[in-house]
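Asker: Residue numbers (this note's numbering): 2 to 555.
The beta carbon of each residue, even a glycine, is placed where N, CA and C say it ideally should be.
To start, I am sharing the structure in question, which I have written as structure tokens.
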């Protein structure tokens, strides 16, 4: 894949400012596109946009295809005539456990209170939609349902049935066999919390607790339950329709400004997902539908024990038999959404780390070969040239590099990793072996550049300063400048680095629980002065988009 010399920024939409406790596809998203244009940037990189599950991680979702309902903009639904400003005000009055709307103005996303608040607004919009049965919007909805049928029907049933059990199931209904089954589920995810909270999570989340005929997706059972939940299923489909309608309008606006969207696709899917429930044959599961082995990575830079993700592994024999049809649909779906797609943990397409289910850490695993070359060849035959970025961080072997280079996928370099004493470290700018690289100051998994720099020992910090010939007073901008000046095709930096923010604004700490994914920008924090500075450096580095008519508002 050939990329022009350019640059961009990472900002997950949930981190945008808003009056609803979480960022969305509303006006602030459009303002961010305008900022990128003013700053002569080419790319807006996002994290996965999926419907997040327990833990709120965009890398653990209920579906590989469905969008996150929390990203739907209430204001844009007002413009469609689905809700009124009074409906929003009424929902805001009841927001929070004590009716305290401070949860909507918190500097961090308060998922516990934001989720029911946004659900209330989305439900009200569905009521409004049901009065528009003969409208153009309703015809658009029906077309969307036809186009997305291959994943939408299973997902809508899955979420509807899950939601129904949240209200129906009670702890006292759990017999010993159910608790035994639950323990297997908990072990699969490596949970470490109270049984009471786990049971809440279990009955709100895991399809392993469902009635056997529904759990095993028997046609008569699915038909019976679908009929009983007809309105609920329709609601879930409606929410997905609105999500994709709003997202594609935003992407269209970005593309009209010559801004391209970089998306993100996790290599694995969650055990508790519509994908695994609907197509268990595609995954390596035992007779009880639990993984024999789970995904993770061995000890690395981020964790001395490795990372135990808990995702089920793929049954690649079945994928081969089907011509990798599911993967072709998944990659094709990403191509319809994004201009470029970063595939997380690309290393797993050459070989993946398999950990026996029940292990407490990822230390005791084994590498298992994967048919990555056959998979991507099948995808290229079906879809054409693949606009994929390979997240090739961590333990990278010649085999991984060979797979990446065979398809011409650009790899990634992280400047924060490039200041150790290892002369062969490929993250050092002078060791970049080709321009087919995306260079980052850091990613969502790294500390902010200021947080990283402040954590260094003095010897390493001195090496950082000497390498860039700077005093270190503006280290985040120093690293942005270094990224821009490298020979990498594309330079990307988190918004937190543009804003010179510290560790308190870190987006994720791998291997940790709690506090992740919740960073939010403040209203007006990203200003014209930032756009001017970034534009100046981008022009000096000869990465600027030609936009002579763009003015910067200071």
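What does the alpha-carbon distance come out to for the pair residue 557 and residue 266?
Answerer: Absent from the model: residue 557. The displayed extent of the chain is 2 to 555, so no value can be given.
Asker: What would DSSP say about residue 67, mapped onto helix, strand or coil?
Answerer: coil
Asker: From the DSSP output, in three-state form, read off residue 456 for me.
Answerer: helix
Asker: Name, in chain order, the residues that DSSP records as bridge partners for residue 375.
Answerer: In the DSSP output, where bridge partners are listed per residue, residue 375 has none listed.
Asker: Could you check whether residue 263 and residue 46 sit closer than 8 Å to each other, using their CB atoms as the reference points?
Answerer: Residue 263 is positioned such that its CB atom lies closer than 8 Å to that of residue 46.
Asker: Output the distance between the C-alpha atoms of residue 83 and residue 30, rounded to the nearest integer angstrom.
Answerer: 21 Å
Asker: Helix, strand or coil for residue 152? Go by DSSP, reduced to three states.
Answerer: DSSP places residue 152 in helix when its eight states are reduced to three.
Asker: If you reduce the DSSP assignment to three classes, tell me which class residue 190 lands in.
Answerer: The predicted position of residue 190 is uncertain, since its pLDDT is 45 and thus under 50; a value taken from the coordinates is nonetheless stated next. Three-state DSSP puts residue 190 in a helix.
Asker: Compute the distance between the beta-carbons of residue 12 and residue 33, then report whether it is under 8 Å.
Answerer: yes
Asker: So residue 261 is in the alpha helix (DSSP H); what residue range does that whole segment cover?
Answerer: No alpha helix (DSSP H) holds residue 261; the beta strand (DSSP E) holding it covers 261 to 266.
Asker: Among the residues of its own chain, which have a CB less than 6 Å from the CB of residue 546, if the five just before and after it don't count?
Answerer: 41, 43, 259
Asker: Could you work out which residue in 378, 373, 487 is closest to residue 428 when comparing CA atoms only?
Answerer: 487
Asker: Report the start-end ranges of each alpha helix (DSSP H) in the region 283 to 354 that is 4 residues or longer and not cut off at the edges.
Answerer: Complete alpha helix (DSSP H) runs here, min 4: 317 to 322, 326 to 338.
Asker: Going straight from the alpha carbon of residue 193 to that of residue 232, what length do you get?
Answerer: Legend: pLDDT at residue 193 = 41, less than 50; position of this residue unreliable, value from coordinates given subsequently. Whole-angstrom Cα-Cα distance: 36 Å.
Asker: Nearest by alpha-carbon distance to residue 448: which of 81, 221, 507 is it?
Answerer: It is 507.
Asker: From 402, 446, 462, pick the residue whose C-alpha is nearest to that of residue 434; which is it?
Answerer: 402
Asker: How long is the line joining the alpha carbons of residue 436 and residue 315, rounded to whole angstroms?
Answerer: 33 Å
Asker: Out of 526, 523, 505, 525, which has the shortest C-alpha to C-alpha gap to residue 517?
Answerer: Its Cα nearest to that of residue 517, the residue 505 stands out among 526, 523, 505, 525.
Asker: Would residue 301 and residue 294 be called neighbours here (beta carbons separated by less than 8 Å)?
Answerer: no
Asker: Of all the beta strand (DSSP E) runs that stay within the bounds of the region 20 to 86, which reach a length of 3 or more residues?
Answerer: 44 to 46
Asker: Please identify the residue among 254, 374, 158 whose C-alpha is closest to the C-alpha of residue 226.
Answerer: 158
Asker: Take residue 425 and list the residues in its own chain whose beta-carbon comes closer than 8 Å to its own, dropping the five residues that flank it on each side.
Answerer: 432
Asker: Please state whether the Cβ-Cβ distance between residue 22 and residue 162 is less than 8 Å.
Answerer: no
Asker: So, at 7 Å on beta carbons, what are the nonlocal neighbours of residue 362 in its own chain, with the 5 sequence-adjacent residues on each side left out?
Answerer: 306, 307, 309
Asker: Does the Cβ of residue 440 have 16 or more other Cβ atoms within 10 Å, making it buried, or fewer, making it exposed?
Answerer: Classification of residue 440: buried, given that the 10 Å Cβ count is 16 or more.
Asker: Using 8 Å for Cβ pairs, my map puts residue 477 next to residue 501. What's the rounded Cβ distance?
Answerer: 5 Å
Asker: Counting along the chain, where does the beta strand (DSSP E) carrying residue 494 start and finish?
Answerer: 491 to 495
Asker: Would you kindly work out how many angstroms separate the C-alpha atoms of residue 243 and residue 220, rounded to a whole number?
Answerer: 29 Å
Asker: Based on the DSSP output, what are the partners of residue 390 in its beta bridges?
Answerer: 343
Asker: How would you label residue 268, buried or exposed, when you count the other beta carbons within 10 angstroms and need 16 or more for buried?
Answerer: buried
Asker: What number of angstroms, rounded off, separates the C-alpha of residue 240 from the C-alpha of residue 52?
Answerer: 11 Å
Asker: Residue 16 to residue 522, Cα distance in whole Å?
Answerer: 6 Å
Asker: How big is the Cα-Cα spacing for residue 122 and residue 114?
Answerer: 13 Å
Asker: Using DSSP with H/G/I as helix, E/B as strand and the rest coil, what is residue 134?
Answerer: coil
Asker: Would you check if there are 3 or more beta carbon pairs closer than 8 Å linking the region 373 to 382 to the region 316 to 333?
Answerer: yes
Asker: Just to confirm the assignment, what range does the beta strand (DSSP E) spanning residue 368 have?
Answerer: 366 to 370
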